[in-house]
Amino acid sequence: MKPGVKICALLGDPIEQSLSPDMHNDAFRDKGLNYIYIASRVKPSSLAEAIEGSRALGIHGLNITIPHKVSVMALLDEIDEASEQIGAVNTVVNTNGVLKGYNTDAAGFTKALAGKNVDAYGKQAVVLGAGGASMAVSYALVKAGASVTIMNRLAHLDGASRLANKLGSISHNPVQAMSLSPQNLEKCLETAEILINATSVGMHP
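Shown next as structure tokens:
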């Protein structure tokens with residue numbers, strides 16, 4: 012590392028599957044930037060210590076991934092408007108010790124749809140899961156003019172219901188929550204035009 016290197020980090024649990032360090036470090040090298048990107052596995056019980064440690068060490072920026080996107084918000088000094096509306100943060104910038112949270116997931120998802128020439132306006136969308144990723148995706152779909160059904164396991168249906176109610180207040184189209192069962196999913200897919208898996212199912216390891 013060169014003197015004065017700026018450190019960025021990914022915080023999550025698990026993080027072994029993440030391609031972020033390779034992607035960011037390759038980009039830093041290509042652009043000639045004096046940055047380094049590392050990944051750190053942080054248990055939920057240690058998140059507050061990790062955030063304060065990053066402040067003390069002068070970590071330049073953080074990416075926040077599963078399962079911390081919601082819980083990290085209470086540990087930050089400032090939150091941008093999109094993060095407030097979404098209810099989750101995936102990026103933290105440290106400016107002279109002041110930690111501000113942002114959410115780039117929604118914009119990234121919107122850009123990915125556009126890249127596939129998918130226009131969500133007026134379409135029926137089904138989102139599986141109600142965690143941080145689902146919050147951003149559902150928000151992006153609502154802002155794009157879709158009707159959204161958020162499906163989650165019955166034991167965690169309250170989270171999906173809260174998200175649906177919150178997004179329903181800014182949507183001109185229906186936003187509803189439903190328990191994720193084979194029967195309900197089959198029924199929803201009869202009319203769905205967009206299906207998003209925002210759960211951790213299928214993630215390696």
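Numbering of the sequence shown is given in the numbering used here, commencing with residue 12 and proceeding in unit increments.
Heads up, the beta-carbon is just placed ideally off N, CA and C, and yes, glycines get one too.
> In or out: residue 80 buried (at least 16 other Cβ within 10 Å) or exposed?
Replying inline: What you label residue 80 is simply residue 69 of the sequence shown in a count that begins at 1. Looking at its Cβ environment, which holds 16 or more other Cβ atoms inside 10 Å, residue 80 is buried.
> Over what stretch of residues does the beta strand (DSSP E) that includes residue 158 continue unbroken?
Replying inline: Residue 158 sits at position 147 when you count from the first residue of the sequence shown. Where residue 158 is concerned, the enclosing beta strand (DSSP E) stretches over 158-163.
>> Assuming residue 74 is part of the alpha helix (DSSP H), what are its boundary residues?
In response: Translated into the one-based positions of the sequence shown, residue 74 becomes position 63. Note, residue 74: premise wrong, no alpha helix (DSSP H); beta strand (DSSP E) at 72-75.
>> Could you compute how far the alpha carbon of residue 78 sits from the alpha carbon of residue 24?
In response: In the sequence shown, residue 78 corresponds to position 67, counting from 1. In the sequence shown, residue 24 corresponds to position 13, counting from 1. Taking the straight line joining both Cα atoms gives about 6 angstroms.
> Could you give the distance in angstroms between the alpha-carbon of residue 161 and the alpha-carbon of residue 120?
Replying inline: Start at 1 with the first residue of the sequence shown, and residue 161 comes out as number 150. Start at 1 with the first residue of the sequence shown, and residue 120 comes out as number 109. Approximately 16 angstroms between the Cα atoms of the pair.
> Which residues in the same chain have their Cβ closer than 8 angstroms to the Cβ of residue 19, if we skip the five residues on either side of it in sequence?
Replying inline: As a first step, residue 19 is located in the sequence shown; it is residue number 8 there, counting from the start. Answer for residue 19: 35, 46, 47, 48, 49, 70, 71, 72, 73 and 74, listed in chain order.
>> From the DSSP secondary-structure annotation, give me the bridge partner or partners of residue 47.
In response: In the sequence shown, the residue the question calls residue 47 occupies position 36. Note: residue 47 sits in a beta bridge opposite 18.
>> Suppose you measure from the CA of residue 168 to the CA of residue 178; what does that come to, to the nearest Å?
In response: Position 157 of the sequence shown, counted from the first residue, corresponds to residue 168. Position 167 of the sequence shown, counted from the first residue, corresponds to residue 178. Taking the straight line from one Cα to the other gives about 15 angstroms.
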